[in-house]
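Trainee: This is the structure I have questions about; it appears just below.
Residue numbers (UniProt numbering): 1 to 159.
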């Protein structure tokens, strides 16, 4: 189901769910929680909102950091909308570095994703484990459109 979700192959996803009873929360990694990949993450990365819908309906766990982060980093605003509608935590953070979906979207220059996350209440005053904010990451990557959006929402240029 991972490959079908990554390819956005709705027919295959539907068939695997219907006939095979595929586990939508299955991980591809054994014992290493930082490298686990689920079908849900594959769909978010691929940018297939319809696949997100199918996996949600089949019981995919929405409130994990990785799913929203994958959609934000990949620049998939429609997937972000679906995940937020399913109550994904807009301020979830990475266990290792403290990154948030807003940081990922800003650093990647995904302005539409930044807009969606800010509208959902993403906190512009969060810092990762080395003291970087979404504003610092966007500025460092040269994404002026994201910088402007973050400043408009109160990001502190002096922090």
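Quick reminder that beta carbons are idealized off the backbone N, C-alpha and C, glycines included.
All of these numbers come straight from a predicted model, not from anything done at the bench.
Just the Cα atoms here: how many angstroms apart are residue 99 and residue 6?
Mentor: Indexing the chain shown from 1 puts residue 99 at position 99. Indexing the chain shown from 1 puts residue 6 at position 6. Straight-line Cα distance between these residues: approximately 23 Å.
Trainee: Determine the closest residue to residue 91 out of 113, 154, 101, with distance taken between C-alpha atoms.
Mentor: As a working note, residue 91 is residue 91 in the chain shown. Nearest option by C-alpha distance: 101.
Trainee: If you measure between the beta carbons of residue 75 and residue 108, is that distance less than 8 Å?
Mentor: Taking the chain shown and counting its residues from 1, one reaches residue 75 at position 75. Taking the chain shown and counting its residues from 1, one reaches residue 108 at position 108. Taking 8 Å as the Cβ cut-off, residue 75 and residue 108 qualify as a contacting pair.
Trainee: Tell whether a beta-carbon distance below 8 Å holds between residue 117 and residue 72.
Mentor: Mapped onto the chain shown, residue 117 falls at position 117. Mapped onto the chain shown, residue 72 falls at position 72. Yes. Within cutoff.
Trainee: Distance check for residue 140 and residue 85, CA to CA, integer angstroms please.
Mentor: Within the chain shown, residue 85 is the residue found at index 85, counting from 1. Within the chain shown, residue 140 is the residue found at index 140, counting from 1. Distance between the alpha carbons of residue 85 and residue 140 is about 31 Å.
Trainee: Do residue 105 and residue 135 have their C-beta atoms within less than 8 Å of each other?
Mentor: Here residue 105 refers to the residue found at position 105 when the chain shown is read from its first residue. Here residue 135 refers to the residue found at position 135 when the chain shown is read from its first residue. No, they are not a contact pair.
Trainee: Is the separation between the beta-carbon of residue 138 and that of residue 147 shorter than 8 Å?
Mentor: As a working mapping, residue 138 is identified with position 138 in the chain shown. As a working mapping, residue 147 is identified with position 147 in the chain shown. Yes, these two residues count as a Cβ contact at 8 Å.
Trainee: Tell me the start and end of each unbroken alpha helix (DSSP H) in the segment 70–149 that is at least 4 residues and wholly inside, in chain order.
Mentor: DSSP runs (the alpha helix (DSSP H)) wholly in the segment 70–149: 77–85, 101–108, 111–119, 134–140.
Trainee: Quick check on DSSP: helix, strand or coil for residue 5?
Mentor: Walking along the chain shown from the start, residue 5 turns up at place 5. Helix, per DSSP.
Trainee: Taking only runs of the beta strand (DSSP E) that begin and end inside the UniProt repeat "ANK" (35–67), which ones reach a length of at least 3 residues, in chain order?
Mentor: Listed in chain order, nothing qualifies, since the UniProt repeat "ANK" (35–67) has no complete beta strand (DSSP E) run of 3 or more residues.
Trainee: Whose CA, out of 27, 93, 17, lies closest to the CA of residue 57?
Mentor: Taking the first residue of the chain shown as 1, we reach residue 57 at position 57. Of 27, 93, 17, the residue nearest in Cα terms is 17.
Trainee: Measuring alpha carbon to alpha carbon, tell me which residue in 119, 127, 49, 132 is nearest residue 152.
Mentor: By one-based count along the chain shown, residue 152 stands at place 152. Comparing Cα-Cα distances from residue 152 to each of 119, 127, 49, 132, the minimum goes to 119.
Trainee: Could you spell out the range, first to last residue, of the alpha helix (DSSP H) harbouring residue 12?
Mentor: Along the chain shown, one-based indexing puts residue 12 at 12. That run of the alpha helix (DSSP H) goes 10–19.
Trainee: Ordered along the chain, which non-local residues of its own chain (more than five positions away) have a Cβ less than 7 Å from that of residue 67?
Mentor: Here the question's residue 67 lines up with position 67 in the chain shown. Hits under 7 Å: 40, 41, 44, 83, 88.
Trainee: So for residue 152, helix, strand or coil by DSSP?
Mentor: One-based indexing of the chain shown puts residue 152 at position 152. In the structure shown, residue 152 sits in a helix (DSSP, three-state: H, G or I).
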